[in-house]
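Comments concern the structure below.
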Amino acid sequence: MNYEELMNEAIEASKNSYSPYSHFAVGACVLTSDGKKYKGCNFENASFGLSICAERNAIGSAIADGAREIRAISIYSPNMQDCLPCGACRQVIAEFSGENEVQIITKADEGIKIRTLDELLPGCFRL
Ligand code: THU
0 MNYEELMNEA IEASKNSYSP YSHFAVGACV LTSDGKKYKG CNFENASFGL SICAERNAIG
60 SAIADGAREI RAISIYSPNM QDCLPCGACR QVIAEFSGEN EVQIITKADE GIKIRTLDEL
120 LPGCFRL
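Using numbering that gives the first Met the number 0, the first residue of the sequence shown is number 0, and each one after it goes up by one.
Shown next as structure tokens:
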């Protein structure tokens with residue numbers, strides 16, 4: 000898979016961000032093991048703690064469509080270089096990592112960055 004393409008989907012999704020409180024827009028796009036892509040953006044709430052991250056929104060769409068295994072996820076914010084998933088989202092990505100390594104794709108001035116979930120969440124909790 001072309002990760003530039005996956006990043007472009009995250010950029011598109013970030014344009015739909017509903018973030019009137021933080022003004023911090025985020026978009027994400029999940030690539031599942033069967034090659035499908037699902038976008039998500041963050042959406043906030045006047046009760047701040049109810050805000051949902053872009054990554055979990057994208058993963059929720061994938062799950063609702065029957066997917067269970069994530070191969071890669073791209074994340075983009077126009078407000079931050081190399082925008083990485085928060086701790087909660089890392090744990091949610093881990094839930095659907097299956098047998099394979101999940102690639103975490105971000106964007107910086109130098110270009111696309113690729114990390115594995117294991118690098119970002121080593122020794123994570125699993126049942
Ligand atoms: N946010 C995400 O969407 N993904 C992350 O991994 C980090 C944070 C959102 C949540 C909130 O709407 C805004 O960014 C500021 O924290």
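Every residue gets a Cβ at the ideal spot worked out from N, C-alpha and C, and that includes glycine. Note that the coordinates shown come from a computational prediction; the quantities given were computed from them, not determined experimentally.
- Neighbourhood of Ser96 by C-beta, 8 Å cutoff - its chain only, sequence neighbours within 5 removed: Glu68, Ile69, Leu116
- Item | Distance, Gly34 Cα to Val25 Cα | 23 Å
- Query: If you drop the 5 nearest sequence neighbours on each side, which residues of the same chain put their C-beta closer than 8 Å to that of Asp108?
  - Reply: Gln80
- Query: Under three-state DSSP, which class holds Glu23?
  - Reply: In the sequence as displayed, the identity of residue 23 is Phe instead of Glu. Reduced to three states, the DSSP call for Phe23 is coil.
- Query: From Cys52 to Leu83, what does the alpha carbon distance come to, in whole angstroms?
  - Reply: 11 Å
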